[in-house]
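Take 1 as the starting number for the sequence shown in the UniProt record's numbering and just add one per residue.
No residue lacks a Cβ here, since even glycine has one placed at the ideal position from N, Cα and C.
Structure record follows, encoded as structure tokens.
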Amino acid sequence: MNLELLESFGQNYPEEADGTLDCISMALTCTFNRWGTLLAVGCNDGRIVIWDFLTRGIAKIISAHIHPVCSLCWSRDGHKLVSASTDNIVSQWDVLTGDCDQRFRFPSPILKLQCHPRDMDKVLVCPMKSAPVLLTLSDSKHVVLPVDDDSDLNVVAAFDRRGQYIYTGNAKGKILVLKTTNQELVASFRVTTGTSNTTAIKSIEFARKGSCFLINTADRIIRVYDGREILTCGRDGEPEPMQKLQDLVNRTPWKRCCFSGDGEYIVAGSARQHALYIWEKSIGNLVKILHGTRGELLLDVAWHPVRPIIASISSGVVSIWAQNQVENWSAFAPDFKELDENVEYEERESEFDIEDEDKSEPEQTGADAAEDEEVDVTTVDPIVAFCSSDEELEDYKALLYLPIAPEVEDPEENPFGPPPESAAQTGAPEEALAAGDKKQRQPSSEGPAKKKARTTTIELQGVPSDEVHPLLGVKGDGKSKKKTAGRPKGSKGKDKDFPFRPKPHRGERPSFAGEALGSSGNPPPPFPSCVTFWPLTGALVVVVGVMELDKMDENEWRYHGEGNKSLVVSHVQLSIVLRLLKYPAEDSENPPQTVEQAFSQVQNIVDFSSNVMSCLLGEKFVHSGEVVKLPLEFVRQLSIKVQHQRPAWRCDKVMDIYSGCALCLPNLTSPTLHQPTHTPTLCIEIKPKCGFLPYSKHVSQDIKTKVCRFCMHQHYKVAMGTWKRRSRYCPLDLFSGNRQRMHFAIRQLIDEPQNNLKIFKPQDLDGIEDSMDLNSLLHHLRPYFQYGNNRINSHMTSKALLTDFIQVLVNALLSAGGGDGGAGTDRRGEGRSFCEASLFKERTRHGENLLLVLSLNSLDCDQLKGSVGSQGSPSDSVLYRVRQTQMLDTLDIEGLYPLYRRVEQHLQDFPKERTRLQMDGPYNEAFLEKLHKCPSEDDGSLEYAVSKVHQYRVAMTAKDSQIMVALVPSCEEEEDDEG
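As structure tokens, then:
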């Protein structure tokens with residue numbers, strides 16, 4: 001609709017609430033694009049939600065950061081979006097694709113960022129306790145703007161309307177006007193109170209039209225200036241404000257201020273409550289106060305660029321304020337009548353005549369010319385509201401709207417029955433196999449893996465690196481030691497040394513995960529890893545806590561679990577865990593490594609996870625964490641506390657109490673996205689093992705190409721007494737991507753979990769696992785599946801309950817969303833996809849889905865593969881990514897061992913070569929390049945052997961990975977249940 005038809009006849013400010021926008025996550029900041037067609041909302045789980053403001057629907061979700069998004073800004077053409085998060089990262093995003101173009105890592109938190117109004121290559125960044133920085137995106141260079149007082153670095157800055165000048169203000173009330181091109185000072189003045197005292201500048205905002213700008217100061221007064229007068233006064237001028245706006249009654253401090261789209265009104269959000277004050281700029285009178293829900297605090301305010309609409313954020317929800325639209329049809333024609341009821345219309349005699357016979361006198365001259373005038377219906381006139389005063393045409397390359405593709409989900413009425421084509425293919429296994437091969441080849445036609453965004457570190461001299469963003473905590477007296485969990489609005493105190501700051505260059509929103517604790521002992525050993533996976537990528541709110549390292553209390557931590565190499569403790573309130581190193585008990589008096597070596601070992605884990613595994617598996621499936629240095633006394637007391645909680649068979653190793661080095665990670669068994677419910681989180685941890693059969697020419701035993709390693713080891717472990725009975729689970733069934741085979745595999749894991757399946761609640765880590773009988777499991781599952789479809793008389797049968805539970809796990813494992821990364825080579829067609837030791841066969845009888853355990857002695861494997869259907873999980877699912885990474889082991893241990901000996905002999909002769917060959921790191925881009933550029937054939941070189949050894953170690957890490965799924969009941973269901 002033309003904007004000219006939306007004229008409100010003189011009243012251009014909102015009057016009442018017009019609904020809310022719920023981003024699921026907690027909203028923290030919002031901004032409109034230049035035309036007001038899209039609204040970008042930054043959330044505290046690191047996501048950016050883009051709303052189509054005309055339809056009030058979500059147009060796109062960008063998994064942008066790990067930590068909360070604190071500032072957003074659109075580029076002029078709307079194609080780019082620049083965001084900042086509380087972990088000091090500034091990122092540029094392509095709005096259409098959702099890809100990250102580049103990132104900048106700052107030493108201190110970012111308070112505000114702003115794109116240049118005309119030059120899309122420049123971004124103005126205001127770091128905390130630092131001079132503003134002008135970034136140039138194309139060459140990743142930056143310029144630190146000059147300040148008035150080097151000792152006062154609490155500086156805010158803003159571009160003027162056209163970006164010709166940059167206005168900066170400090171805590172002493174001094175305003176500097178700098179030329180954008182060369183940062184030359186062209187004007188300056190000081191904001192003073194009535195007693196000539198100075199007041200701190202909190203923010204500077206420019207009107208979209210005209211030359212006016214406002215200054216929000218600490219004395220709770222909003223001053224409006226004319227930019228032309230400021231430039232005229234020059235340096236050390238004394239301009240007078242056009243208006244001074246304030247709340248004289250309540251002395252309200254202002255959280256956020258901005259102009260209306262036409263520059264005629266000013267809105268200010270109260271810092272005490274959810275209240276919006278609207279003034280008319282020309283005369284300075286207060287015209288409206290909009291009150292939100294009592295008790296809520298305001299976080300951000302944005303005025304629509306062309307309409308009288310305001311978006312405000314409080315309690316994580318975006319509220320929309322607009323005018324009350326009253327239908328007045330008589331306004332379209334003076335003789336238009338509104339009828340209360342239907343009446344019969346009486347047609348005038350000459351109403352539809354070509355020529356009006358009843359008209360009293362002929363029309364005036366010029367009527368004939370009007371009849372002959374041609375009406376132009378092809379030329380599109382530019383919309384005045386979308387053009388600047390110095391522009392005549394619109395930007396036709398601008399991005400006003402986002403295309404939305406419908407998500408078509410295939411309804412599965414028989415989720416575990418054979419696919420429709422299966423019945424038609426049972427009589428023709430060759431055709432079925434051909435169809436399966438065709439489907440296998442489809443993923444290989446996909447484009448290459450997306451290029452990882454470049455990260456640039458911005459070095460700022462004299463800037464403290466331990467500052468915490470104001471969103472994460474407010475200043476207090478520092479005496480309280482109470483730790484609070486969860487969301488920014490509830491955090492208090494100084495988050496001075498909060499350790500949960502994962503690697504800043506990780507651009508994707510974090511995902512639920514389970515830690516890969518332990519490793520295989522086969523030579524050569526796999527990499528130390530903390531690779532984590534979670535396929536349901538829409539469900540993690542980043543925990544923002546308050547934790548000072550020098551005041552850590554061991555009583556606030558509890559034993560969480562441990563593996564062969566490390567022990568994990570979790571915080572009782574914050575959703576974080578610490579992973580600490582272990583070493584043999586005989587070394588308890590003499591630590592096997594120095595503090596520097598321990599720190600390097602943990603840092604290697606982080607680097608390997610973030611720089612290698614995230615590229616192979618996709619960033620949404622990997623969480624790296626960060627190295628922290630803990631007080632030694634805290635570590636010693638913590639070791640004493642958790643010792644009695646550890647399993648006896650794990651006590652042959654002790655916790656490292658000498659280095660104080662630990663890996664800090666989110667506690668992903670306790671998601672904080674949902675509000676607290678009576679039913680706790682239920683976690684399912686799966687260790688899938690190796691998902692393929694070796695296809696190397698070096699394999700000497702034919703049985704290894706027919707039976708998977710896991711199934712062979714089952715017979716061996718039962719014979720050795722490790723397990724009482726063997727598991728019927730086969731990893732190839734789980735990795736097949738076929739829902740029937742996956743269902744069968746998970747069902748066998750439930751029957752005989754061994755150490756490959758663990759179901760637990762975070763509050764009772766071993767409560768379910770110790771008694772994994774089916775009735776006990778169903779008892780624990782029932783609260784999570786009360787609202788399933790398969791219920792009889794409002795009671796869900798045990799069979800339907802177990803079926804729903806397994807279906808949830810299958811859907812999670814097959815769900816897409818890996819994002820960037822993933823193994824680049826499609827190897828699904830290599831080797832056999834069915835293990836002859838698997839006891840799976842599907843059959844449909846009387847329309848019911850049955851899973852039968854049959855002997856395969858009378859069944860040909862190729863026929864079975866044809867009846868099962870085409871194999872292969874979605875290319876961006878967690879199973880596909882793990883399997884592709886496992887298949888970097890292209891030679892099998894038999895083909896690799898001679899290469900390993902070649903490398904080992906070389907290192908014995910030339911020990912100093914160990915660093916060059918990166919045998920112990922660093923795990924950087926050069927290391928990843930060695931993995932990808934390994935020759936296909938052995939040329940006898942050392943480089944080939946080293947690359948193959950590296951590939952094998954990465955593959956072993958993936959073979960020993962774990963996948964975790966967390967089930968959280970929704971609040972709505974519990975409320976219905978209580979009612």
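#### Entry: Whole runs of the beta strand (DSSP E) within the segment 627-669, excluding any shorter than 3 residues
653-655 and 661-666
### Query
Which of the three DSSP states, helix, strand or coil, is assigned to residue 928?
helix
### Message
For a test of the three-state rule: what should DSSP assign to residue 238, helix, strand or coil?
### Response
coil
### Query
Taking one C-beta from the segment 249-265 and one from the segment 305-322 each time, how about it: are there three or more such pairs within less than 8 Å?
Taking a cut-off of 8 Å for Cβ pairs, the segment 249-265 and the segment 305-322 touch, as three or more such pairs fall below it.
### Message
Please return the same chain residues whose Cβ sits closer than 6 Å to the Cβ of residue 290, not counting the five positions on each side in sequence.
### Response
276 and 321
### Query
Rounded to whole angstroms, how far is the Cβ of residue 129 from the Cβ of residue 467, which I believe are closer than 8 Å?
6 Å
### Message
With H, G and I counted as helix, E and B as strand and the rest as coil, what does DSSP make of residue 283?
### Response
coil
#### Entry: 8 Å CB neighbourhood of residue 149 in its chain, flanking five on each side removed
170, 172 and 174
#### Entry: For residue 85, the first and last residue of its enclosing beta strand (DSSP E)
80-85
#### Entry: Of the residues 670, 629 and 911, the one placed nearest residue 662, counting alpha carbons only
629
### Bridge-paired residues (DSSP) for residue 16
For residue 16, the pairing in a beta bridge is given by DSSP as 322.
### Query
Are residue 271 and residue 288 close, meaning C-beta to C-beta below 7 Å?
no
### Message
Just to confirm the assignment, what range does the alpha helix (DSSP H) spanning residue 731 have?
### Response
731-734
### DSSP beta-bridge partners of residue 584
653
### Query
Should residue 933 go down as buried or exposed, given a rule of 16 or more other Cβ atoms within 10 Å for buried?
exposed
#### Entry: Contacting residues, own chain, Cβ-Cβ under 8 Å from residue 29 (five flanking each side not counted)
41, 42, 69, 70, 71, 72, 299, 300 and 313
### Query
What do you get for residue 84, buried or exposed, if any count of 16 or more other CB atoms within 10 angstroms of its CB means buried?
buried
### Query
With 16 other CB atoms within 10 Å as the buried threshold, where does residue 464 fall?
exposed
### Task
For the alpha helix (DSSP H) holding residue 1051, just list the boundary residues, first then last.
No information on residue 1051 is available, as it lies outside the stretch 1 to 979 that the chain covers here.
#### Entry: Residue from 274, 122 and 604 with nearest C-alpha to residue 294
274
### Task
Go ahead and label residue 552 buried or exposed: buried means 16 or more other beta carbons lie within 10 angstroms of its beta carbon, across all protein chains shown.
buried
### Query
Where does residue 908 land, buried or exposed, given buried means 16+ other C-beta within 10 angstroms?
exposed
### Query
In the DSSP assignment, what are the bridge partners of residue 562?
Per DSSP, the beta-bridge partners of residue 562 are 567.
### Query
Span of the beta strand (DSSP E) holding residue 968?
Residue 968 -> no beta strand (DSSP E), and no H or E assigned at all.
### Task
Taking the CB atoms as reference points, tell me whether residue 924 and residue 611 lie closer together than 7 Å.
yes
### Query
If you follow the beta strand (DSSP E) that residue 165 is part of, which residue opens it and which one closes it?
165-169
### Message
Would residue 104 and residue 458 be called neighbours here (beta carbons separated by less than 7 Å)?
### Response
yes
#### Entry: Residues of its chain near residue 709, where Cβ-Cβ distance is below 7 Å and the 5 sequence neighbours each way are ignored
Excluding sequence neighbours, residue 709 sits near 690.
### Message
Measuring only the C-alpha atoms, how far is residue 134 from residue 157?
### Response
10 Å
### Query
Just how far apart, CA to CA, sit residue 109 and residue 125?
10 Å
### Query
Taking the alpha helix (DSSP H) that residue 995 falls in, what are its first and last residues?
Residue 995 cannot be examined here, being either before or after the span of the chain that is shown, 1 to 979.
### Query
Beta-carbon separation of residue 899 and residue 951 under 7 Å?
no
### Task
Please name the residue in 664, 47 and 21 whose C-alpha comes closest to that of residue 54.
21
### Task
Under the assumption that residue 185 contacts residue 166 (Cβ atoms under 8 Å), give the Cβ distance between them as a whole number of angstroms.
Not confirmed; about 10 Å, so no contact.
#### Entry: Terminal residues of the alpha helix (DSSP H) in which residue 775 lies
774-781
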